[in-house]
Amino acid sequence: MKKLLLPMLCLAVSCGSGGIAGTSDAKLPIAVDDLFAASGYEGEGATPNAITDANACPQRAGDKKGKCHKFTWQPLNVAGELGWAGVIWQFPANNWGDTGQLGQTAIPKGAQSISFWAWGAQGGETVQFLGGGLPGDGFSVSTVPLALTTVPTQYSISLSKITYGTVIGGFGWVNNVHGSGPVVIYVDDIEWKADAATTATPGCTDAGASNYNAAATADDGTCLYLVTFQVDMTGTNTPPTAKVQVRSTFNGFCADCNLLSLSTGQTWTSALPLKPGTYGFKYATDATQAGFEVVPTACSSDASLTDNDRTRKLVVTAASQTLPLVKFGACP
Numbered sequence: 075m076k077k078l079l080l081p082m083l084c085l086a087v088s089c090g091s092g093g094i095a096g097t098s099d100a101k102l103p104i105a106v107d108d109l110f111a112a113s114g115y116e117g118e119g120a121t122p123n124a125i126t127d128a129n130a131c132p133q134r135a136g137d138k139k140g141k142c143h144k145f146t147w148q149p150l151n152v153a154g155e156l157g158w159a160g161v162i163w164q165f166p167a168n169n170w171g172d173t174g175q176l177g178q179t180a181i182p183k184g185a186q187s188i189s190f191w192a193w194g195a196q197g198g199e200t201v202q203f204l205g206g207g208l209p210g211d212g213f214s215v216s217t218v219p220l221a222l223t224t225v226p227t228q229y230s231i232s233l234s235k236i237t238y239g240t241v242i243g244g245f246g247w248v249n250n251v252h253g254s255g256p257v258v259i260y261v262d263d264i265e266w267k268a269d270a271a272t273t274a275t276p277g278c279t280d281a282g283a284s285n286y287n288a289a290a291t292a293d294d295g296t297c298l299y300l301v302t303f304q305v306d307m308t309g310t311n312t313p314p315t316a317k318v319q320v321r322s323t324f325n326g327f328c329a330d331c332n333l334l335s336l337s338t339g340q341t342w343t344s345a346l347p348l349k350p351g352t353y354g355f356k357y358a359t360d361a362t363q364a365g366f367e368v369v370p371t372a373c374s375s376d377a378s379l380t381d382n383d384r385t386r387k388l389v390v391t392a393a394s395q396t397l398p399l400v401k402f403g404a405c406p
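So the sequence shown is numbered by the working numbering: it starts at 75 and just counts up by one.
If you want it as structure tokens, here you go:
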């Protein structure tokens with residue numbers, strides 16, 4: 075595990091608003107920032123300055139205990155790099171549990187959950203939150219990967235089935251969505267509590283999605299939105315029995331995986347549930363041009379590519395959409 079040494083924070087004096095670190099009369103709830111330091115930078119975060127912690131948010135949430143952290147991760151986008159990053163709150167700072175150092179003893183017995191508030195700058199940031207997991211902790215707990223929204227939302231991790239003594243890793247998060255731009259997440263009011271964890275049911279929580287789950291209480295990033303494809307095959311001598319289809323980066327340009335149906339005349343259509351993102355696609359048929367259309371440079375996602383490599387561009391957002399009717403191998 076690659077490690078980045080950071081200064082020791084909030085260890086032997088009162089800080090935040092939770093209590094006195096190291097005292098024997100501490101009571102639950104305990105603010106994690108009062109006992110632990112957000113010093114364990116992991117994955118690509120172990121590279122200096124790949125993750126910054128502003129220790130300040132545009133707003134606060136919950137009981138406003140401890141600090142509100144604004145984490146900014148700039149993915150390295152370098153071949154061979156890990157493609158993930160995270161931060162662990164440690165006691166003492168930079169203690170990875172592999173040197174025989176003891177953990178924090180001031181957390182009273184009886185904690186049933188780790189409660190926290192989290193949100194993202196853009197929404198859709200997929201983050202997994204955790205507690206423990208370092209050598210010497212003797213326990214490891216985590217959430218499912220959660221798709222954050224831009225609205226501060228309270229989450230919790232159950233501690234009901236674990237036994238803890240000294241604790242080295244008081245909290246943490248991991249993000250493994252490797253993109254080109256920075257990932258910005260906010261975490262506030264992190265507390266170990268005597269209250270039981272709120273039961274979270276992962277699923278799609280967007281009522282506008284095709285796979286909306288009314289029982290879901292924690293969005294897990296699985297929402298899909300209907301995209302209606304339509305292509306006019308006039309002039310291609312395509313029989314009604316042909317396998318007109320969409321081949322795309324979302325299906326690995328798979329043959330015969332996403333077929334269209336003949337609706338009227340020579341118009342073929344299909345509505346497909348897709349995850350938000352940017353994709354390249356082209357229409358294909360088993361009766362013309364060896365299966366693939368040649369996308370004109372004027373409406374291709376990259377005009378510099380050769381005839382066989384050019385694709386149309388598809389941007390899927392968190393809403394259903396119908397693409398313009400186009401002729402096979404032509405622009406709208």
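Where a beta carbon is used, it is the ideal one built from N, C-alpha and C, also for glycine.
* To do: Report the three-state DSSP secondary structure of V109 (helix, strand or coil).
  => Reading off the sequence shown, one finds Leu at residue 109, where the question assumed Val. It is helical.
* Asked: Can you give the Cα-Cα distance for A290 and A274, rounded to whole angstroms?
  -> 7 Å
* So is A288 buried or exposed if we call it buried at 16+ other beta carbons inside 10 Å? -> Per the 10 Å Cβ criterion, exposed.
* **N129 to G160 span [Cα, whole Å]** => 16 Å
* Distance, Cα to Cα, A372 vs C405? -> C-alpha of A372 to C-alpha of C405: approximately 7 Å in a straight line.
* By the 10 Å Cβ neighbour count, where 16 or more other Cβ atoms means buried, how is T359 classified, buried or exposed? -> buried
* Residue from T179, F355 and V400 with nearest C-alpha to K387 -> F355
* **8 Å contact criterion, which F245 and I181 should meet: CB distance rounded** => That pair is no contact at about 11 Å.
* Three-state class that DSSP yields for A95 in the structure shown -> With a pLDDT of 39 at A95, under the threshold of 50, the modelled position of this residue cannot be trusted; read the value that follows with caution. Coil at A95, not helix or strand.
* Return the bridge partner residues of I125 from the DSSP annotation. => W147
* Name the DSSP beta bridge partners of V246, please? -> A quick correction: the sequence has Gly, not Val, at residue 246. Its beta-bridge partners are I162 and L204.
* So the beta strand (DSSP E) K139 belongs to, where does it begin and stop? -> It is not in any beta strand (DSSP E) - K139 carries neither H nor E in the DSSP assignment.
* Asked: With C-beta atoms as the reference, is G239 less than 8 Å away from Q164?
  -> In this structure, Q164 does not lie closer than 8 Å to G239 by Cβ.
* Asked: Is it buried or exposed for G140, if we count other Cβ within 10 angstroms and need 16 for buried?
  -> buried
* Asked: Beta-carbon separation of P256 and W147 under 8 Å?
  -> yes
* To do: Have a look at the DSSP bridge pairing and note the partners of V301.
  => L346 and Q395
* To do: Report all residues from its chain with a CB closer than 6 Å to the CB of N35; omit the five preceding and five following residues, and keep chain order.
  => This structure leaves residue 35 out entirely; the chain is present only between 75 and 406.
* Asked: Considering only C-alpha positions, which residue in the set G205, A192, I264 and T173 is nearest to I162?
  -> Taking only the C-alpha atoms, the option nearest I162 is G205.
* **Own chain partners of T217 with C-beta closer than 8 Å, once the 5 adjacent residues on each side are dropped** => Q202, F203, L204, Y229, I231, A274 and A292
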